[in-house]
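Student: Below is a structure I'd like to ask you about.
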Amino acid sequence: VQLQASGGGLVQAGGSLRLSCAASGSNFKINAVGWYRQARGKQRELVAAITSASSTNYADSVKGRFTISRDNTRNTVYLQMNSLKPEDTAVYYCKVERLGSLSWYWGQGTLVTVSS
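Counting from 12, one number per residue, gives the positions in the sequence shown under my numbering.
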């Protein structure tokens, strides 16, 4: 099983980035997914989540700015981040539940840096 998170980078405040989390591996299908982030010196926090039925929820700090979505044909989940703020700077991780199991897997993280 491989989870490839990508799309991070350096962006100015007010800008946008789109993160991707792609799952690959024999018979690995994504069920539910959470995007988490961890800023330096802080605990990891849940930013957005999506269920197999595409029901979503968001942390208050990102509501209206971030959108989580999924493409089941590509076995990939996205996090569209708009109106980025310096406080969004963190390493972003996807956490994926494997369909048909109760097992969760972490992606390797992708760094998002928002400059003021």
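For each residue, glycine too, the CB sits at the ideal point set by N, CA and C.
I believe A59 touches I79 by the beta-carbon criterion, under 8 angstroms. Please report the beta-carbon distance rounded to the nearest angstrom.
Tutor: The residue labelled residue 59 in the question sits at position 48 within the sequence shown. The residue labelled residue 79 in the question sits at position 68 within the sequence shown. Contact holds; Cβ gap of about 4 angstroms.
Student: Considering only the alpha carbon of each residue, which of S127, L57, S112 and W115 lies closest to L90?
Tutor: Position 79 of the sequence shown holds residue 90. If we check each option's Cα against that of L90, L57 comes out closest.
Student: Are the CB atoms of V107 and A34 within a distance shorter than 7 angstroms?
Tutor: For this step, residue 34 is matched to residue 23 along the sequence shown. For this step, residue 107 is matched to residue 96 along the sequence shown. Yes, they are a contact pair.
Student: Please state whether DSSP places D99 in a helix, a strand or coil.
Tutor: As a working mapping, residue 99 is identified with position 88 in the sequence shown. Note: D99 maps to helix in three-state DSSP.
Student: Kindly indicate which three-state DSSP category Q54 falls into: helix, strand or coil?
Tutor: Working through the sequence shown from its first residue, we reach residue 54 at position 43. Residue state, collapsed to three classes: coil.
Student: DSSP state of R76, grouped into three classes?
Tutor: Mapped onto the sequence shown, residue 76 falls at position 65. Coil.
Student: Would you mind giving the Cβ-Cβ distance between M92 and L30, rounded to the nearest angstrom? I have them listed as a contact below 8 angstroms.
Tutor: By one-based count along the sequence shown, residue 92 stands at place 81. By one-based count along the sequence shown, residue 30 stands at place 19. The Cβ separation is near 7 angstroms, so the contact holds.
Student: Using DSSP's beta-bridge definition, name the partner residues of S126.
Tutor: By one-based count along the sequence shown, residue 126 stands at place 115. S126 is bridged to Q23.
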